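Colleague: I have a structure here, written as structure tokens, and I will follow up with some questions on it.
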């Protein structure tokens, strides 16, 4: 009887702890999905006004329910089998892409206290490096020349920019002496890295555009060249999942950019306002800039971003070593 009471005293609090954390994670995922859907509406509205038109404005009040109408339309469309395509890989790759985008959000401190994410930056690097796999699977399994060319472009672009991207992030990590995203943000209580290493902040923003395959670095899709790139053959819910992953990554990268270079409280209105301003900038750039040539894209990465980020990193490491001695 005593053993049973001891078991119940430990088991029920533990299970309630697990259930509450699981519920909080599920609620967070739902709100991320809702935020992502309204980000698509914001993009369509901004691009509409840039092109001197209204954008979605017929669905309920000023088109507010348009993202949900689009989701219902896409997920209710017919699914059919492509001739000579690898069926399992073709349909699994969008789901894997969406899963990796959701996994990125587990590195943020407000998701759950179920686990200790002391090395959240390493987790982010792992998820970002793995995000090339579903695109590679999509391009290969589609049995389409357009998809294959888009896939090869994406692999080259992502691998190239990941090197400079990681080197840029290493500078705030060395300055704060931490692999934890929240610790890096808290370390900037006296002065923001946005002020001290402003060139890295600007390079980080451009690297985000390249990592997300957004204009002017959208060589992966290249509508004027490759129809739609690696997702040319996708339709219905698979097509929706690819773009859900893209817009969730935009939101996450905006938050990570603020946490790496500022010390704004993550739950404050100011943080959300600045995050939306970064999302607005990413969308605004799509409406005003043309796509750059592929050789210019690679030149910018290997001849500009990589040397500058390495020089900054060596300079910061030198200062830290002098301070230690």
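Numbering (our numbering), first residue to last: 1302 to 1626. Glycine is no exception: its CB is placed at the ideal position from the N, C-alpha and C atoms. Since the model is a prediction, treat every value here as computed from it, not as a measurement.
Using a threshold of 8 Å, state whether the C-beta atoms of residue 1591 and residue 1500 are closer than that.
Modeller: No. Outside cutoff.
Colleague: Would you be able to state if there are at least three C-beta pairs under 8 Å between the stretch 1572 to 1591 and the stretch 1485 to 1504?
Modeller: No: the two stretches stay apart, fewer than three of their Cβ pairs being nearer than 8 Å.
Colleague: Can you give the beta carbon distance from residue 1481 to residue 1419, rounded, assuming they're within the 8 Å contact cut?
Modeller: Confirmed, Cβ separation roughly 6 Å.
Colleague: Quick one: is residue 1379 buried, meaning 16 or more other Cβ sit within 10 Å of its Cβ, or exposed?
Modeller: Answer is exposed; the Cβ neighbour count stays below 16.
Colleague: So, helix, strand or coil for residue 1458, using DSSP?
Modeller: Note: residue 1458 maps to helix in three-state DSSP.
Colleague: Alpha helix (DSSP H) containing residue 1517: first to last residue?
Modeller: Neither: residue 1517 is in no alpha helix (DSSP H) and is coded neither H nor E.
Colleague: If I follow the unbroken alpha helix (DSSP H) through residue 1603, where does it start and stop?
Modeller: Segment: none, residue 1603 is in no alpha helix (DSSP H) and carries neither H nor E.
Colleague: Look at the Cβ atom of residue 1530, then the Cβ atom of residue 1523, and state whether they are nearer than 8 Å.
Modeller: Yes, these two residues count as a Cβ contact at 8 Å.
Colleague: Given 8 Å as the limit, is there contact between the stretch 1616 to 1625 and the stretch 1472 to 1481, that is, 3 or more CB pairs closer than that?
Modeller: Because the criterion of three Cβ pairs below 8 Å is met, the stretch 1616 to 1625 and the stretch 1472 to 1481 touch.
Colleague: Could you compute how far the alpha carbon of residue 1521 sits from the alpha carbon of residue 1452?
Modeller: Going by the C-alpha atoms only, they are around 7 Å apart.
Colleague: Which runs of the alpha helix (DSSP H) at least 4 residues long sit entirely within the stretch 1537 to 1600? Give them in chain order.
Modeller: Taking only runs of at least 4 residues, the alpha helix (DSSP H) segments lying wholly in the stretch 1537 to 1600 are 1537 to 1562, 1570 to 1589 and 1595 to 1600.
Colleague: Which ranges does the beta strand (DSSP E) cover as unbroken runs of at least 3 residues, wholly within the stretch 1470 to 1503, from first to last along the chain?
Modeller: The stretch 1470 to 1503 contains no whole beta strand (DSSP E) run of 3 or more residues.
Colleague: Just to confirm, is the Cβ distance from residue 1552 to residue 1336 under 8 Å?
Modeller: Their beta carbons are under 8 Å apart, which means residue 1552 touches residue 1336 by this criterion.
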